[in-house]
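So the structure is just underneath, and the comments pick up after that.
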Amino acid sequence: MNARQHAVLKAGTSQSPVLEVEKLTTSFRTSAGWRPVIRDISFHVDIGETVAIVGESGSGKSVTALSAMRLLPRDRARVEGRIMLEGRDLLTLGEAEMRSIRGGRIGMIFQEPMTSLNPVFTIGNQLAEALVLHRDLSWSAAEAEALRLMDRVRIPAAKSRLHEYPHKFSGGMRQRVMIAMALACRPKLLIADEPTTALDVTIQAEILHLIRELQREQDMAVLFITHDMGVVAEVADRTVVMFRGDMVETGATDVLFAQPAKPYTRMLLASIPQLGTMGASRGPRRFPEVDPATGVPGEGREMPPARAAGAPVVEVSNLSIRFNLPHGRVHAVEDVSFSIMPGETLALVGESGCGKSTTGRAIMRLQDPSAGSISIGGRDIAHMKARDLRGLRRSAQMIFQDPFASLNPRITVGSAIAEPMLVHGVREKRAIRDRVTELLEQVGLSPDMVSRYPHEFSGGQRQRISIARALALEPQLIVADEAVSALDVSVKAQVSNLLMDLQAEKGLAYLFISHDMSVVERISHRVAVMYFGEIVEIGPRAAVFGNPRHPYTRRLISAVPIPDPARRGTRIPAPASEEARSPIRPLDYVAPKRRYQEVSPGHLVQLA
Amino acid sequence: MNRVIRAFLRRLMGMIVVLLIVATLVFIIVRVTPGDPAAVMLGSDATPEDIAQLREKMGLNAPLIVQYGQFMAGLLRGDLGQSIFLDQSVGQALLSRAEPTFFLTLFSILIATVIALPVGILSAVRRGSGFDQLVVTVTMVAASVPSFWLGLILIQVFAVQLGWFPASGYGGPDTPFLYRLTHLVLPAVTLGIVNSALITRFTRAAMLDVLGDDYVRTARAKGASERRVVLKHAFRNAMVPIITVIGLSVAMLVAGAVVTETVFGLPGVGNLVVSAVLRRDYPVIQGALLVVAAIYVLINFIVDMLYVAADPRVRI
Chain A
1094 MNARQHAVLK AGTSQSPVLE VEKLTTSFRT SAGWRPVIRD ISFHVDIGET
1144 VAIVGESGSG KSVTALSAMR LLPRDRARVE GRIMLEGRDL LTLGEAEMRS
1194 IRGGRIGMIF QEPMTSLNPV FTIGNQLAEA LVLHRDLSWS AAEAEALRLM
1244 DRVRIPAAKS RLHEYPHKFS GGMRQRVMIA MALACRPKLL IADEPTTALD
1294 VTIQAEILHL IRELQREQDM AVLFITHDMG VVAEVADRTV VMFRGDMVET
1344 GATDVLFAQP AKPYTRMLLA SIPQLGTMGA SRGPRRFPEV DPATGVPGEG
1394 REMPPARAAG APVVEVSNLS IRFNLPHGRV HAVEDVSFSI MPGETLALVG
1444 ESGCGKSTTG RAIMRLQDPS AGSISIGGRD IAHMKARDLR GLRRSAQMIF
1494 QDPFASLNPR ITVGSAIAEP MLVHGVREKR AIRDRVTELL EQVGLSPDMV
1544 SRYPHEFSGG QRQRISIARA LALEPQLIVA DEAVSALDVS VKAQVSNLLM
1594 DLQAEKGLAY LFISHDMSVV ERISHRVAVM YFGEIVEIGP RAAVFGNPRH
1644 PYTRRLISAV PIPDPARRGT RIPAPASEEA RSPIRPLDYV APKRRYQEVS
1694 PGHLVQLA
Chain B
4 MNRVIRAFLR RLMGMIVVLL IVATLVFIIV RVTPGDPAAV MLGSDATPED
54 IAQLREKMGL NAPLIVQYGQ FMAGLLRGDL GQSIFLDQSV GQALLSRAEP
104 TFFLTLFSIL IATVIALPVG ILSAVRRGSG FDQLVVTVTM VAASVPSFWL
154 GLILIQVFAV QLGWFPASGY GGPDTPFLYR LTHLVLPAVT LGIVNSALIT
204 RFTRAAMLDV LGDDYVRTAR AKGASERRVV LKHAFRNAMV PIITVIGLSV
254 AMLVAGAVVT ETVFGLPGVG NLVVSAVLRR DYPVIQGALL VVAAIYVLIN
304 FIVDMLYVAA DPRVRI
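Here it is, written out as structure tokens:
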């Protein structure tokens, strides 16, 4: 019996849903009075069932969850409608009663496991607190129970870790602690607000699996909030689609995926980057453009291959980067070699901490290499003096992940784009103004936006501005560090397309650093997979994705959620999560020389 | 606990090194002061024989390195030298004046903290309310008031008009301890109020900072009461900046003793320094400099240790 049949059976035997939301409208106080941010939302969650709320940023999905928990500040938010939990309207309860609901009847986990635990209390203390607040337990009995909870969410060596502080735990382990805490009092409903968004894909698969198992064990209803259609397909029995505060569509997940009724749902489904949609194409392929009126996708054009002959733009040989600690050394990057041709995109993929960003920073010389050479346009920049590096900045530029943080809020976007040109004195003042206009047009923005400030733009627009700034000096190489990872799906597709168009037009070389395998598959000519500082597999995109040879590459690809409800629950994550493996080595450690096998032309796999 | 002990030992070593450097600096400063200290001390009427005799007595004829050795050896024995004018060793002179300075600093910082923490926390929790706005305004005014002016006003009201507390001075060593302490009420209240303003503002800012953090939301989602959320989860995290500003206030109180004790006529260490400077009592100045520097280093040490205790992520 799978989870859904189980849920159907349960729903058939029980009378009322666990949670029933009726005409929920939440307004925030603004200087212009109360402004509704979600309007007339109605849905229900049955016993043992998982309902997903899916939507892009600003859709109001988190506000819906916080409204149900009554966690919005009372003086600035007004919640109307009815939120029935097991027959009681939460909106009419007193604060004390509501406190017994929170953590008692409803458990909640959040997106940011890194910051959601209190840094100054031990894990055991925080788990025990959740128990003491709702159950008549002594503190020591609660700590003993906390230990059992840690075992239940499969935290290894729970006993010794009970008295450790959160900063000693990895992101995945912290999310397990959060889950243990939310489920401490066996709530009837779990609200999970983007619980895996900040985690690596292999960890995400494990956490989703864990939630599913625990849900089955205690017949819990789950309200799952996410922006990721792949995750929706993986977890949800029914789905609610939200857009700018309105409920667009709701229905059984398989029906919704097979026959989306509304254009927005169709568009959302069409713009999901999906693994394995490349067909026979060899080069990168644009994301299909979706007609917003109908939600019907167009055809994604294939992009030209990279130049095969001539000199590479960048050549990295035996690059190593190490950081010394008092009692050891971090081998962040170990003996990494690759090159990128003009007009080529090399994707550097791997999970957090694998050294991919450090490699990118070394190419920009934002990080000094410990060993090896990096040559850009034929000049070795690895040991260049600071003064000579100015030249490097003209041939290589970087785009960062966070479009909110990487633009100075007090500088107009025009000045931000013009700044590199002024610094390098490459043009006359007047010519610079014309060039800024030209750049804005190239990245799909209107030239009259030149005197606006970053806060007036959306995330996608800001990333376009960052791209324009990177292009200002006409570099040959752009290092894009998770450049589209923080963007909503539809925007992600657009910005990726822009990067591909600019590459075709200007012959740019990209080092595309990303953890997002489905975007990587679309955008890159070649792929290098990094694992604990080393490249374990590198080769043409079609070869690496079509014929992954290294076990880690396989695990990485198989952990990506596939937006197809029919395949739900069929994939059980590989149990061997090597979170405990550490790149910290003793000071006298000498990294072994790795050997590679060429499985097909240009496709190299590290031998064990 | 291991972590705390290791941090403690490491900082203790560092503190000793700093103190040795301070002692050396004090030694050098006194030696490079222009003119012959012996001549300066004895005044213009002194005969060359008197000066030579004093130089001999002060050990100024020995080579510098020997003097330095003697000075440091003295320090290690706890011997700060002999006052020129008082019939006491420097150590005795400082010790006999330590009581009012110590208790004044202690009471001032206690009063300041007792006012500042609740007011600052409440102000942050009720951000934007009438109470909060009042706190912001009053603390700004209080922080700008010179302490001597507030001190004079308090003396006028509570000492002169109401006669509740003595206006100035301090009981002699043979008077009862509590009687002596009554002399500290007005100065301690003055300094407490002035210092509470800054600490309140820091507490409010630090609390506002942490109240928006994710783990505070987690605590609420657990079903913790507002009181628990604020006092346990938020306040513990706001403690590092609050400890910093309290440490700074204590340091400023010690350094400000020179002014305070003059205004309130308290025979403390500050008072001793003033008279020593006026009389060119070099050994006393030198000793007082050293002691104040040592107190500064000690306060910093305590503050660092409190960081370690307050936040498990702090490494020293």
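Protein sequence lines, in the order shown, are assigned to chains A and B.
In the numbering used here, each residue's number is its place in the first sequence (first place is 1) plus 1093.
In the numbering used here, each residue's number is its place in the second sequence (first place is 1) plus 3.
Glycine is no exception: its CB is placed at the ideal position from the N, C-alpha and C atoms.
The structure displayed is predicted, hence computed values, not measured ones.
Check this for me: beta carbons of I1677 of chain A and H1260 of chain A, under 9 Å apart or not? The criterion of a C-beta distance shorter than 9 Å is not satisfied by I1677 of chain A and H1260 of chain A.
For a contact meaning CB atoms closer than 8 Å, what does A313 of chain B contact in chain A? In chain order: V1213.
Go ahead and label P1496 of chain A buried or exposed: buried means 16 or more other beta carbons lie within 10 angstroms of its beta carbon, across all protein chains shown. The residue is buried, with at least 16 neighbouring Cβ atoms inside 10 Å.
Between A115 of chain B and the rest of its own chain, which residues show a CB-CB distance below 7 Å, the 5 nearest in sequence each way excluded? Answer for A115 of chain B: G195, N198, S199, I202 and S252, listed in chain order.
Identify, in the order they occur along the chain, each residue of the same chain with its Cβ nearer than 7 Å to the Cβ of R1091 of chain A, setting aside the five sequence neighbours on each side. Residue 1091 of chain A cannot be examined here, being either before or after the span of chain A that is shown, 1094 to 1701.
Compare the C-beta of Y1682 of chain A with all C-beta atoms of chain B and state if any pair is closer than 9 Å. No, because no Cβ of chain B sits closer than 9 Å to the Cβ of Y1682 of chain A.
For T1118 of chain A, which residues of its own chain have a beta-carbon under 7 Å away from its beta-carbon, when the five flanking residues on both sides are left out? Sequence-distant Cβ neighbours of T1118 of chain A in its own chain, meaning closer than 7 Å and more than five residues away, are P1129, I1131, R1132, D1133, E1173 and G1174.
With 16 other CB atoms within 10 Å as the buried threshold, where does F1336 of chain A fall? Buried, since its Cβ has 16 or more Cβ neighbours within 10 Å.
Pick out whichever of B:A191, B:S92, B:Y310 and B:E59 has its Cα sitting closest to the Cα of D284 of chain B. The option with the nearest alpha carbon to D284 of chain B is B:S92.
Would a check of beta-carbon distances place R316 of chain B closer than 9 Å to chain A? Taking Cβ atoms only, chain A reaches closer than 9 Å to R316 of chain B, which makes this a yes.
Please go through the segment 1144-1219 of chain A and give each complete beta strand (DSSP E) segment of 3 or more residues, from N-terminal end onward. Segments of the beta strand (DSSP E) lying fully in the segment 1144-1219 of chain A: 1170-1178 and 1199-1202.
For A1100 of chain A, is the classification buried or exposed, using 16 other Cβ atoms within 10 angstroms of its Cβ as the cut-off for buried? Residue confidence is low: A1100 of chain A scores 49 on pLDDT, short of 50, so the model does not pin down where it sits. No coordinate-derived value is stated.
Does V139 of chain B pass the burial test, meaning 16 or more other C-beta atoms within 10 Å, or should it be called exposed? V139 of chain B sits exposed, since fewer than 16 C-beta atoms from the chains shown fall within 10 Å of its C-beta.
Within 9 Å (strictly less), CB to CB, does G1092 of chain A reach chain B? For chain A, the structure presents residues 1094 to 1701; residue 1092 of chain A sits outside this window and is missing.
Could you tell me the boundaries of the beta strand (DSSP E) in which G1391 of chain A lies? Element bounds for G1391 of chain A: n/a, residue is neither H nor E.
Using a Cβ-Cβ cutoff of less than 7 Å, which residues in the same chain neighbour A1221 of chain A once the five nearest sequence positions on both sides are dropped? Close CB contacts of A1221 of chain A within its chain, under the 7 Å cut and outside five residues either way in sequence, are with W1232, A1235, E1236 and A1239 (chain order).
Nearest to D1182 of chain A by CA position, among A:N1211, A:S1193, A:V1270 and A:L1112, is which residue? Minimum Cα-Cα distance from D1182 of chain A among the listed residues A:N1211, A:S1193, A:V1270 and A:L1112 corresponds to A:L1112.
Under 8 Å, with one C-beta from each stretch per pair, do the segment 254-262 of chain B and the segment 211-221 of chain B reach the 3-pair mark? Result no; under three Cβ-Cβ pairs closer than 8 Å.
Residue ranges of each alpha helix (DSSP H) within the segment 16-50 of chain B, 4 or longer: Look at the segment 16-50 of chain B and you find these whole runs of alpha helix (DSSP H), each 4 residues long or longer: 40-45.
Helix, strand or coil at L184 of chain B according to DSSP, with G and I counted as helix: Helix at L184 of chain B.
Cβ shell of E1671 of chain A (< 8 Å), same chain only, five flanking positions each side left out: With a pLDDT of 47 at E1671 of chain A, under the threshold of 50, the modelled position of this residue cannot be trusted; read the value that follows with caution. Counting only Cβ-Cβ distances below 8 Å, and skipping sequence neighbours, we find nothing.
Classification of V144 of chain B by the beta-carbon crowding that lies within 10 angstroms, buried from 16 upward: The residue is exposed, with fewer than 16 neighbouring Cβ atoms inside 10 Å.
Take R1545 of chain A as the anchor and find which of A:E1598, A:T1505 and A:V1519 has the nearest alpha-carbon. The shortest CA-to-CA distance from R1545 of chain A to any of A:E1598, A:T1505 and A:V1519 is the one to A:T1505.
Along the alpha helix (DSSP H) that carries A1251 of chain A, what are the first and last residues, could you check? Under the DSSP assignment, A1251 of chain A falls in the alpha helix (DSSP H) whose first and last residues are A1251 to R1254.
I'd like to know whether the C-beta atoms of A209 of chain B and R1192 of chain A end up nearer to each other than 9 Å. For the 9 Å CB-CB criterion, A209 of chain B and R1192 of chain A do not form a contact.
Any Cβ of chain A within less than 9 Å of the Cβ of G133 of chain B? By this cut-off, G133 of chain B is not an interface position.
Determine, for R100 of chain B, whether the minimum Cβ-Cβ distance to residues of chain A falls below 9 Å. No, because no Cβ of chain A sits closer than 9 Å to the Cβ of R100 of chain B.
Three or more beta-carbon pairs under 8 Å between the segment 20-32 of chain B and the segment 1646-1664 of chain A, yes or no? Contact between the segment 20-32 of chain B and the segment 1646-1664 of chain A is absent, with fewer than three C-beta pairs closer than 8 Å.
Please report whether the beta-carbon of A224 of chain B lies at a distance below 9 Å from any beta-carbon of chain A. Chain A, which has a Cβ nearer than 9 Å to the Cβ of A224 of chain B, makes this yes.
Min CB distance S228 of chain B to chain A below 9 Å: For S228 of chain B, the answer is yes, since a Cβ of chain A falls inside 9 Å of its Cβ.
Counting only beta-carbon atoms, is V13 of chain B nearer than 9 Å to chain A? With the sequence shown as reference, residue 13 of chain B is identified as Arg, and Val is not the correct amino acid for it. Not closer than 9 Å to any Cβ of chain A, the Cβ of R13 of chain B fails to qualify, so no.
Under the three-state DSSP convention, the category Q1705 of chain A falls into: Outside the modelled stretch of chain A, which goes from 1094 to 1701, sits residue 1705 of chain A, for which no answer is possible.
Using the rule of at least 16 other Cβ atoms within 10 Å of the residue's Cβ for burial, across every protein chain shown, is F180 of chain B buried or exposed? By the neighbour-count criterion, in which a residue is buried when 16 or more other Cβ atoms sit within 10 angstroms of its Cβ, F180 of chain B is exposed.
Roughly how many angstroms lie between the CA atoms of A1673 of chain A and F1416 of chain A, to the nearest whole one? Any reading at A1673 of chain A must be qualified, since the residue scores a pLDDT of 46, below 50, and its modelled position is unreliable; no value is offered.
Does R9 of chain B get closer than 9 Å to chain A when you measure Cβ to Cβ? Not flagged as an interface residue toward chain A: R9 of chain B, since no C-beta distance is shorter than 9 Å.
Taking G1403 of chain A as the reference, give the member of A:M1434, A:D1481, A:E1427 and A:W1127 with the closest Cα. A check of alpha carbon separations from G1403 of chain A across A:M1434, A:D1481, A:E1427 and A:W1127 identifies A:M1434 as the nearest.
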